[in-house]
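Scroll down for the structure; my scribbles are underneath it.
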Amino acid sequence: MLSSRVIHVDGVFLGTAIMSGGLNALRFYATHESVRALHNACMPDFGVLYDQVKKLFNRNRLLSPKAA
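Residue 331 in our numbering is what sits at position 4 of the sequence shown, and the numbering runs on without skipping anything.
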């Protein structure tokens, strides 16, 4: 592993973007259940990856029932 960047939205830690040496792309390691669908997704750019993670997180946050 060459480098990594933490991804969080609104103070919630969602996972890590990991740059792998041979892939020349970022692989997403999901740690939050709401973005598990993107676990191990590879994308060429951090901005694209972050936007996808944020979009999925916000969609799932809106769809999930609020705790009483």
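A virtual CB, placed ideally from N, CA and C, is assigned to each residue, including glycine.
For clarity, every value in this text was computed on a predicted model and none was experimentally measured.
DSSP, reduced to helix, strand and coil, places G342 within a strand of the structure shown. DSSP links L353 through a beta bridge to M346 and M370. Boundaries of the beta strand (DSSP E) harbouring R332: S330 to V336, taken from the DSSP string. The residue among M346, L353, N351 and A357 with its C-alpha nearest the C-alpha of F384 is A357. Secondary structure of S391 (DSSP, three-state): coil. Contact annotation: L353 and F373 have beta-carbon atoms nearer than 8 Å.
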